[in-house]
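Residue numbers (the working numbering), protein chains in the order written: chain A, -2 to 400; chain B, -2 to 400; chain C, -2 to 400; chain D, -2 to 400. Beta carbons are placed, not taken as given, at the ideal position from N, Cα and C, and that holds for glycine. Every value quoted in this text rests on a predicted model; they were computed, and no experiment measured them. As C-alpha cells, the structure follows; a few thoughts come after it.
Protein chains: 4
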Amino acid sequence: MEFAYSPKVLDLQAQVTDFLNTKIMPAEAVHREQAGEHGPWAQPPILEELKIQARARGLWNLFLPGEGGAGLTNLEYAPLAEISGRSPMLLPEAMNCSAPDTGNMEVLVHFATPAIKERWLTPLLAGEIRSAYSMTEPDVASSDANNIRTEITEEGDGFRIKGRKWWSSGAMSPRCQILVVMGLSAPNGERHKRHTMIAVPMQTPGVNVLRSTSVFGFSDGSHGGHAEIDFDVWVPRDHLLGELHGGFAIAQARLGPGRIHHAMRLIGMAERAFDIMCERAYTRFPFGKALAEQGVFQDWVAEARIRIEQARLLVLKTAWLMDTVGNRGAAVEISAIKVSTPQMAAWVIDRAIQTCGGAGVSQDFPLAEMYAQARMLSLADGPDEVHKMALARRELRRYAPST
Amino acid sequence: MEFAYSPKVLDLQAQVTDFLNTKIMPAEAVHREQAGEHGPWAQPPILEELKIQARARGLWNLFLPGEGGAGLTNLEYAPLAEISGRSPMLLPEAMNCSAPDTGNMEVLVHFATPAIKERWLTPLLAGEIRSAYSMTEPDVASSDANNIRTEITEEGDGFRIKGRKWWSSGAMSPRCQILVVMGLSAPNGERHKRHTMIAVPMQTPGVNVLRSTSVFGFSDGSHGGHAEIDFDVWVPRDHLLGELHGGFAIAQARLGPGRIHHAMRLIGMAERAFDIMCERAYTRFPFGKALAEQGVFQDWVAEARIRIEQARLLVLKTAWLMDTVGNRGAAVEISAIKVSTPQMAAWVIDRAIQTCGGAGVSQDFPLAEMYAQARMLSLADGPDEVHKMALARRELRRYAPST
Amino acid sequence: MEFAYSPKVLDLQAQVTDFLNTKIMPAEAVHREQAGEHGPWAQPPILEELKIQARARGLWNLFLPGEGGAGLTNLEYAPLAEISGRSPMLLPEAMNCSAPDTGNMEVLVHFATPAIKERWLTPLLAGEIRSAYSMTEPDVASSDANNIRTEITEEGDGFRIKGRKWWSSGAMSPRCQILVVMGLSAPNGERHKRHTMIAVPMQTPGVNVLRSTSVFGFSDGSHGGHAEIDFDVWVPRDHLLGELHGGFAIAQARLGPGRIHHAMRLIGMAERAFDIMCERAYTRFPFGKALAEQGVFQDWVAEARIRIEQARLLVLKTAWLMDTVGNRGAAVEISAIKVSTPQMAAWVIDRAIQTCGGAGVSQDFPLAEMYAQARMLSLADGPDEVHKMALARRELRRYAPST
Amino acid sequence: MEFAYSPKVLDLQAQVTDFLNTKIMPAEAVHREQAGEHGPWAQPPILEELKIQARARGLWNLFLPGEGGAGLTNLEYAPLAEISGRSPMLLPEAMNCSAPDTGNMEVLVHFATPAIKERWLTPLLAGEIRSAYSMTEPDVASSDANNIRTEITEEGDGFRIKGRKWWSSGAMSPRCQILVVMGLSAPNGERHKRHTMIAVPMQTPGVNVLRSTSVFGFSDGSHGGHAEIDFDVWVPRDHLLGELHGGFAIAQARLGPGRIHHAMRLIGMAERAFDIMCERAYTRFPFGKALAEQGVFQDWVAEARIRIEQARLLVLKTAWLMDTVGNRGAAVEISAIKVSTPQMAAWVIDRAIQTCGGAGVSQDFPLAEMYAQARMLSLADGPDEVHKMALARRELRRYAPST
C-alpha cells in the first residue's frame, strides 16, 4: 500500500497544472465573453487556440489507453482528469479529453470497422470534429437500460434505425458529425442480448434534431449540449459497432472509465469551488470580521476538505481496481463513486455558492454551472438510486442464506 | 388554538385555486413559448390577458393590507400567496402580487409623498408598470446592511445618489419605471440612522444599467431580472421616502411581510413539486414496478409531506404573530422561516427533480427554475447564517448570566 | 386560525410549570441518588411524595379525557404533556401520566368489564399500582402487527394465552400488577379480525418474567423497564378486553393519543436539552471566548429552535385534528409526528450532549437517557420506515391513475 | 500508488481474523455473562484465557512499533486494529492492544526512566496490570488543553500533584496500577511549555477515586471505566515523564497513533454493524418481503458501504503519512479522521440498530454499546468542532492574503 503518485504521474500533473494556471485560467473570461457572442454551442475561437497549445505540449488524448492515445492506465489518467475538472468548461475540451467524445472514441477504437475509424475516429482524435452519444429516450425510465425501444432492424445491406432519443449529449454542437446510437434489435432475445450499438453520421437523412434540453438554465455547451432527436435513418452494415445484439456489453464497457473520468473531474470542480470559497472569505467582512475567521464558515471548510479527500481516495482506488482486476471486480466501487462524487461535489459547490452570496449563483463565478453539472451527474447514466440498489444487492449476496 | 382556516380565507382559497386550475395552468406552456420569442424580461402577451382576468375576478393586489389593497391580514393573505407559488412564474404577477413590486408598493403607500404616489404608485397598483429594489452592492458583504455605501447627499433642492448596485430585482424589465434605492446619507450617524431610502425614476439621467446577473443560468424574468446599475443621479427632494436617514427602519418594515410572502410562495412551489413527483411516479416503471410503489421514493414522499406541513404551520404562526404582536414580537419566527422554508423547498424540489430524471433539470418542468429561486432565497436578503446568528443571539439572551 | 393557547390551557400550563420548577427540578438529584440505592425499577420514596403533592394540586390523571380523568381534549392536554417531558424520569409518573399506564388505563376505561375496572383500573387511577403492555414478540418483525403469534384460545370459561413477549414495558416494576396482552385468536380470520386483547394479572400462574432488556445502557425505570415474558396462563372470560378478535382496533385506538403524548413529551425533552445547552454555553470558554458567542454553537441553537417550533406546531395540529375529525382523519399527521418528533428530539439532545462534552454522555445530565428514550421512539410502535410507508401510500392515493 | 495490502499485512490480517472467528466471537456471550457476574470493571476469567491464547499465537502488543512490540508501522498495524474493532469489548484487550493502555505504554517506552519502566511498563507489556490516563478536568473546557489546571509543583526530591480529574479512562479497573497524569507546572510559561506529564502509582496515598462516570448508561468496562479522581499526592522525581514542562508535546505525540487506532477500531465496529444488519435483514419479513429486499434498507446498505470504504482509505492514508512524513505533515488528515470516522461509525451503527428494532438497542447485540463508544469519540480528545477549526485554519493559511 502506497499513497504517493508515481514520478510519471507527478510529472504529468505538473505539466497539466502549468497549462491550467498559465493558459486556461486567464482564458476563462475570454471564453465566457466569446461564448456570449458565438452562441451556446459554437466553439469559441479561444478554444481552438488552446487546443493547439495543449497538443503542442503533448497534453492530448491523455484519456486513451492504447492506440492513438497516451497509453496511461486509469490510475495514471485519473489525477489528470481531476485537474481538468478545475476548469470544466475549457480544459477537458482543450486537451481533447471531454465527454461524450472520450467514451465515443473508446467505442470506435474497440468496435468500429477500419473504414469507420478512418472516417470518424481519426478526425475525433485530432479534435477536428465532435461526436454525440444517443442512448436515453424520453418515454421510458432510462434508469433501466432494458427499457430502450428505438428500433434497429436489418434492411438491405444495412440497418434502419427508428425512434426518439433525447439527452443526446454533444449533438447540439455545430461541429458534431457522428452519433453513437443504441437501439433495440432483438426484442425477444435474452436479457442483455437485445440491443445494438451503431454509428450514425450526423448528416444522414432522417436525423432530425428537434430541440435542445437545458440543465437548470444552462445549455451545457462544453458537452456539446443535449439534443432531442428523431431518427428514421438507414446506415450501411459496416456502421455496426461490435456484434449485432451486443450493444449492452459495449455500453457497460463504455461506462467504467467514463465514471472514473466524471468522478475525477467532479473532484477537480470541488477543489475549484474550495479555492473560490477560501479566497472569497478573505475579502468579505460581514459584522466586522473576515468570513475566513468565522466559525460556521470554517466548519464548511473542514467538512469540504474531509469530503473531497475521502472521495478522491475512493476514486483512485477504483481506478486501480479497474487496472488490476477489471470492471467486474470493481463493480461495487464503480457504483460507489457514481453515487458519492456528484453528491460530494454538489455539496462543496453549494457551500461555495453560499459563501459568495449572490455572486455565487451568477455568471461571475463558474459555481452555478458546476453545480448544475454535478447535480446532473446524480441523474445521468442512471439515477443514484439505481446504483445504490445494484451496490446493495451485490453486498447482500454475501449474507444471503444458502437455500 | 384553532387550525381551521376562516370561512373568508376558505372562500378566497377556492377562488384563487379555481383561477390557478382553469386559467393559469393551461397558460404555462403558452407563457414558456412566448417568453422564448419575446426575450427573457419582456412581458409575454398571455400574462396581460391573465392580469385582466384576475382583476375581473377581484384577485388583485391581495397582498396590500390597507389603502388600494384587499385589506387582508398577513394570516389571511399567506394561504393565497401559497397558492400563487404553485405557478411562480405566472400567478403572482397575474394577480399583481409579485416581488419586488409588492414590497415597493407597500413602501410607497406608507412613505411616499402624494405626488410620488400619484405618479408611480397608482400605475403600479394598476399593474401598468413594474418597479425595482436597489439595495445590494457588489463590493461589500451585503449580509450586513451597515456595509452599504452608495452615497446619498443633499444637492440643491434634492439629492444626489452615487454608487454601484447589483441584484436590483425588477430593473431588467422593459416595463420597470421606478426604483426604490437605499444609500448611505449619514456615514457618521448612529447605527441604524445612517441610511436613506429614495425613489428614483428609471428614466432619470445617470441611471445606467450595466448588465443582468443570472440565477443558475436563468434570467429570472418573473421577478423582472436582476440588474447591475451604476447610479450618478439627482432627484428632487420629494422623492425622499420617509425620513432622511430613516432608511434602515423602512428596509426592516419592508422585510417582514416580504418574508411571509416568499415563504408561502416557497410552500406553494414545494406543493407543486410534490404533485409533479407523485404524478410522475405512476408513469415510470424502472425494474418492473411503478416508481410509486418503490420504497426509496415513498420515503421521499413521506419526508416531503412532513417537511411541508411543518414549514407551513410555522409560516402561518409567524403571520399570526405579525398580525397580533407585530414584527418585533415575531422576530425569532421571522428569522426561522427565512432560513427554513427555502431549505425545505429546495429539498422537496430536488427530490422531484431526481424523480423526473433528465426531464427534471430541463425546461420541460418548472422544477429547475423553482430550485434556482428557492436556492437563491437562502442568500437573498441576507444569507441563512446571518439570520441564524440573529435568531440564536435572541434566544441566548434568556440564558445570559446577569452580570 | 388562532395560535394562542386558551385561557384554560394557559392556567394549567402555569400550574404544571410551577410544580416542575418548585418541586420536580429540585427533586431530580434526590431521585437519581435514591434510584441508585433502591435499584433500577423500584419506586424511589421521593416519587411517592411528589405524587401526593401533584394530586393535592389537582395535577393528576390529566391525560384521561372522560370518566375519572380531567376531561381535557387532546389539544388541551398536549401542552401539559410537553411540560412533563422536561423532567421525563419524574414528572409524568408524579402526575400519574406516564407510559405505558396512560394507554392501559384508557383501554381499561373503554373495554374492561366493571369487575376488572374495579379491581385494576381503580388502583391505577389512584397511582397505587402500575401496569404493563405486552405486544411485541422476539421472533417476528413486530413492525407489522399481523405477525404477532402468541396464541389466545378459549379454554373452559376463559382463555389460555401461550407465547413469548418482550419489550413488555412496565413489567419490571415491582409495583406492576396487571398486563394488557395482545395475542392471535383467529389465525384464519380476516385481516384485522385475528387478534384479541386481554387483561392478565401479573400474579397469574404461568406469567414468567425471564429478564429485562436495556435501552442503550439504561434500564428505563421510569417506564417500569422492559421485560421478556413467557406466558402459559389461563384467565377467566371477563378478562377479555372488548370483543373477541377485536384486538387490532383497540391497539389502534390506544396508539392515537399515545403518539400525541410521546410526541409532546419529546418536545419537552428537546426544550430541556435546549435549556441545558444554552446555560452550559455561558460557563465554558474554549479558546478564550464563551461557547455562547461561537458561530457553530449559535448555528445549533438556531437549528434547534426552528426544529422544535415546527415539530410542536405539527403535534398540536394533530391533536386538534384528532379532537375534531378523529384518528382516521388525522392519519397522515399521526404518522408524520410519529416519525418526525423522535428525530427532532434526538438531534437537539445530541447537540446538547456535544455542547456539554463528556458530562453530556454521563449521569450528570439527563441528556444521555433522554437520547436513549428519543432514539427508542424511532423504533417503538413500529420503526419510522413503516410509518413513512403508510404515510406515503395514503398521500399517493390522490395521484393514482384511475383504472 | 498501490492499494493492495503487503503480504506481511495480509498474513497478519489472516491470523487476527482467524483468532477473531474461532476464539473471540464464540466467547462474546460468555464474556457478557461473566461481566454480569463479576461487575462492570472486573476482568472476566474468559478474557484471561483469551489473552493467553493471543499471546501464544504471537498476536500481542502489535501496536507497539519498537522495543517490546511487534515492530509494525502505523500502516501495517492499522488494518489489524480494524479487525480488533469488530469485537471491541474483547479483542483489543485480548491482544493487549486496548486503550488507554496502548498510549500509556508508548509514553512509558519513550519518556520513562529505566526504573519506572521496569516497575510498570514490564507488567503492562505482559498484560498483568492495566493503566489509566488522567487529563480531562471537570471544571474547564477540556477541548482546549491550555485550560488544564491541576497543579504540579516541586516538593522535596519529587513533585506534589493537586487537583481534580475526571474521565480518567482505565482507573475503575481493579487491575489498574499506574496513572499517567498531566498537570500545570509553569502557569506563566510560554504556551505549550506549561504542562508536565508524570506517572502516579494507583496506590500512592492521596489518589482518591470519587466515582465513575457512565457513557450512555454503560460503564465502559473494556476501557477500564472512567473515574473522577481527587489528587493530592507526592511522587519521587524519577516519576517525571520526559522533560519538566514538556507535557504538551508528549500529549501530542501520544495522540497521533491513538487517533489511527481509534479510527481503525471504529471502522471495524462499522463493519461489525454492517454484518449484523445484513444478516438480520434476511431473517425479518415485515409486510411479506425480507427486509433485505426492501428499497430503503438497501439504500442504507449502499450508503454504509460507501461511507466505510471512504473512511478506511482516509485512515490508511493518514497512517501512511505518519509513517512517511510524521505527525506534523499529517496534521490535516489526523484532524480529518478524528472528526469523520466516529460520525461514520455512529451512522452505520445507528442504521444497524434501526434494522434490528428493539433488539438493536438492547444487550442482545453489541450495537448500543458500540454506538455509545463511537458517539463518545466525537467528544473525547476534543470535540469535533475543535478539530474542524484546527483543520480549517490550516487549510485557510494557503489562501490568506500576504500582508
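So residue i is in the alpha helix (DSSP H); what residue range does that whole segment cover?
i: A:E225; result: It is not in any alpha helix (DSSP H) - A:E225 instead sits in the beta strand (DSSP E) that spans H223 to P233.
i: D:G33; result: M22 to H35
i: D:H258; result: G244 to R277
i: B:L412; result: Lying outside -2 to 400, the shown extent of chain B, residue 412 of chain B is not represented and no answer is given.
List the endpoints of the continuous beta strand (DSSP E) containing residue i.
i: C:R208; result: V204 to S209
i: D:E152; result: E148 to E152
i: B:W164; result: G155 to S166
Assuming the contact rule is C-beta atoms closer than 8 Å, residue i and residue j should be a hit. Round their C-beta distance to whole Å, please.
i: B:L59; j: A:V358; result: About 29 Å separates the two Cβ atoms, so there is no contact after all.
i: B:V232; j: B:V206; result: With a Cβ gap of about 17 Å, B:V232 and B:V206 do not count as contacting.
i: D:S128; j: D:V204; result: The Cβ separation is near 13 Å, so there is no contact.
i: C:Q174; j: C:M199; result: 5 Å
With distance defined between alpha-carbon atoms, name the residue in the options nearest to residue i.
i: A:T99; options: A:I126, A:E115, A:A112 and A:R83; result: A:I126
i: B:G285; options: A:A138, A:V336 and A:M92; result: A:A138
i: B:M92; options: B:K20, B:R161, B:E30 and B:I149; result: B:K20
i: A:N71; options: A:H35, A:L313 and A:S165; result: A:L313
i: C:I49; options: C:E115, C:Y2, C:E90 and C:Q249; result: C:E90
i: C:A301; options: C:V345, C:T315, C:Q340 and C:R277; result: C:V345
i: C:N101; options: C:M22, C:F215 and C:M179; result: C:M179
i: D:H259; options: D:H242, D:Y74 and D:N18; result: D:Y74
i: C:E225; options: C:M169, C:I273, C:H189 and C:M274; result: C:M169
i: A:G243; options: A:R348, A:E46, A:K190 and A:D8; result: A:K190
i: C:R395; options: B:Q370, B:F271 and B:G355; result: B:F271
i: D:G124; options: D:D296, D:P37, D:R52 and D:S332; result: D:R52
i: A:W117; options: A:R172, A:Q10 and A:G63; result: A:R172
i: A:K159; options: A:H35, A:V293 and A:R146; result: A:R146
Taking the alpha-carbon positions, what's the residue i to residue j distance?
i: D:S219; j: D:M86; result: 5 Å
i: C:G55; j: C:P42; result: 20 Å
i: C:F362; j: B:A327; result: 32 Å
i: C:G265; j: C:T280; result: 23 Å
i: B:M261; j: A:T321; result: 55 Å
i: B:W57; j: B:G68; result: 11 Å
i: C:R157; j: C:I247; result: 20 Å
i: C:E382; j: B:T119; result: 55 Å
Grouping DSSP H, G and I as helix and E and B as strand, with all else coil, what is residue i?
i: A:H189; result: coil
i: A:G180; result: strand
i: C:I113; result: helix
i: B:Y368; result: helix
i: B:S170; result: coil
i: B:A129; result: strand
i: C:V329; result: helix
i: A:V137; result: coil
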